[in-house]
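K.L.:
Once you've had a glance at the structure underneath, I'll fire off some questions.
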Amino acid sequence: MIRSVFFSALFSFILLCSYSFSYGQGSMQTVVLSGLGKKQGTLYIAWYNTEVNFKKQSTPVFTRSLAVDEQEQVSVVFENIPAGRYAIAVLLDQDGNKKMSTNLLGIPREKYGFSNNVYPAFRAANWKEASFELKNTDGEIRIRMK
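So the sequence shown is numbered by the working numbering: it starts at 575 and just counts up by one.
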């Protein structure tokens, strides 16, 4: 009986420790955003892990927002990012409406960017163009704003 309780407690402890050590494992990724044009506003960075959720404001897996004030370049650190396939979308919201502002023709009036630095002529980047495979090693992702 005592032996059974001991092994149950030991098993629970090992299980708890393995969960603690596995939780939070992942890489540290520094997203470097250039070409901000020394504009002011709020920078929104969103990571997506599926094609379906890509570009939907309500479904990113990792997000960050920060105020920028006339910087040409900003670096943002994301920690504990698990290996996998991702696409990143970035918006510099200059008018505070939390979405991309466009002119009458639908052309963006605010700075934006995508991972892999893809900028198709008459549409936003799609998942296939913007997605990338992330390994479990620390790294830097450079996005040039347009």
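Even glycine gets a Cβ: it sits at the ideal position worked out from N, Cα and C. Model, not experiment: these values are computed from the prediction.
Is the beta carbon of GLY615 sitting closer than 7 Å to the one on GLN668?
P.N.:
The residue labelled residue 615 in the question sits at position 41 within the sequence shown. The residue labelled residue 668 in the question sits at position 94 within the sequence shown. Yes, Cβ-Cβ distance for GLY615 and GLN668 is below 7 Å.
K.L.:
So is PHE706 buried or exposed if we call it buried at 16+ other beta carbons inside 10 Å?
P.N.:
Numbered from 1 along the sequence shown, position 132 holds the residue referred to as residue 706. It counts as exposed.
K.L.:
MET690 by DSSP, collapsed to three states: which one?
P.N.:
As a working note, residue 690 is residue 116 in the sequence shown. The sequence shown places Asn at residue 690, not Met. Looking at ASN690 - three-state DSSP - the assignment turns out to be helix.
K.L.:
Tell me whether the stretch 648-666 and the stretch 690-704 touch, counting them as touching only if at least three CB pairs, one residue from each stretch, are closer than 8 Å.
P.N.:
Cβ pair count under 8 Å is three or more, so yes.
K.L.:
Can you list the beta strand (DSSP E) stretches of 3 or more residues lying completely in the stretch 619-653, in chain order?
P.N.:
Qualifying beta strand (DSSP E) stretches, in chain order: 636-643.
K.L.:
Straight-line CA distance for PHE652 to LEU679?
P.N.:
For the purposes of this step, residue 652 is identified with residue 78 of the sequence shown, where counting begins at 1. For the purposes of this step, residue 679 is identified with residue 105 of the sequence shown, where counting begins at 1. Answer to the nearest angstrom: the Cα atoms are 35 Å apart.
K.L.:
With which residues is LYS676 paired in a DSSP beta bridge?
P.N.:
Along the sequence shown, one-based indexing puts residue 676 at 102. Contrary to the premise, residue 676 reads as Thr rather than Lys in this sequence. Answer by DSSP bridge pairing, in chain order: PRO682.
K.L.:
Under the three-state reduction of DSSP, which class applies to ALA704: helix, strand or coil?
P.N.:
Taking the first residue of the sequence shown as 1, we reach residue 704 at position 130. Helix, per DSSP.
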